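Here the sequence shown is numbered in my numbering, starting from 865 and rising by one per residue. No residue lacks a Cβ here, since even glycine has one placed at the ideal position from N, Cα and C. Everything numeric in this text was worked out from a predicted model, so none of it was measured.
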Amino acid sequence: MELIKQVKEHTGVRNEKFYKTTLFRSDTMLLGLNCLEPGQVQKRHEHANQDKFYYVVEGNGRFWLGGERIDAVVGQVVWAPAGVLHGVANESSNRLTLLVTIAPAP
865 MELIKQVKEH TGVRNEKFYK TTLFRSDTML LGLNCLEPGQ VQKRHEHANQ DKFYYVVEGN
925 GRFWLGGERI DAVVGQVVWA PAGVLHGVAN ESSNRLTLLV TIAPAP
């Protein structure tokens, strides 16, 4: 198994829906990368038994956590506890790249 990955080598674009890929996966955690182009949205959803965080690698995003709206920029981490409705939108004119972890893995 490859133990080191370069984030920039795994970014991508999908026109019909935001791009996402899995970097690492085990029985206890999934580490992925989400790339949202301007105007793209990850619809609000929840993970009943899984905690999740988003680390903003590039750009800025508008996050929904429960009933709150939060703006986050490069270097910030957004925490979505298990059972909390969450999602993100790229309302900027640049790509939004997020390192995403879900634990335990889906």
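Asked                                                                    : Found
For A946, the residue or residues it bridges with in DSSP                : Answer is none; A946 lacks a bridge partner.
Boundaries (first-last residue) of the beta strand (DSSP E) holding F882 : No beta strand (DSSP E) holds F882; DSSP gives it neither H nor E.
Through-space distance from R908 to N879, alpha-carbon basis             : 19 Å
Beta-carbon gap between D912 and A944 smaller than 8 Å                   : The displayed chain sequence assigns Ala, not Asp, to residue 912. No.
Check whether L897 and F888 have beta carbons under 8 Å apart            : no
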